[in-house]
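Sequential numbering from 1 applies to the sequence shown in the numbering used here.
Yeah, the Cβ is synthetic: ideal placement off N, Cα and C, and Gly gets one too.
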Amino acid sequence: MNEVVEIKALKDYRVWLRFKDDEVKIVNLRPFLGKGFTAELLDPSKFKKVFIEPGGGIAWENGYDFCPNFLKKLEGEKVELA
């Protein structure tokens, strides 16, 4: 099962993700923000409050979330762990 085990909010609505299998990538979430209740996440101070929820997905205080399987499939910049 895919699970996010570490997350860092970056600038420009990108997130750094490390999955349970140690895959690390940076994904741009901007295309998913801006309409309805996601508009508030365009405020960088709110976007950076992203957290890992039980089950390995990511979420914000307003209830918006992404499941880990979707995040794993998103195109992103792969990062090699040193």
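Separation of residue j from residue i, as counted between CA atoms
i	j	result
residue 55	residue 3	7 Å
residue 1	residue 69	8 Å
residue 48	residue 23	21 Å
residue 5	residue 50	13 Å
residue 41	residue 58	13 Å
residue 37	residue 66	14 Å
Option nearest residue i by Cα separation, candidates the options
i	options	result
residue 34	46, 76 and 23	46
Classification of residue i by the beta-carbon crowding that lies within 10 angstroms, buried from 16 upward
i	result
residue 44	exposed
residue 31	exposed
residue 73	exposed
Whole-Å CB distance - residue i paired with residue j, under 8 Å assumed
i	j	result
residue 26	residue 79	6 Å
residue 14	residue 28	5 Å
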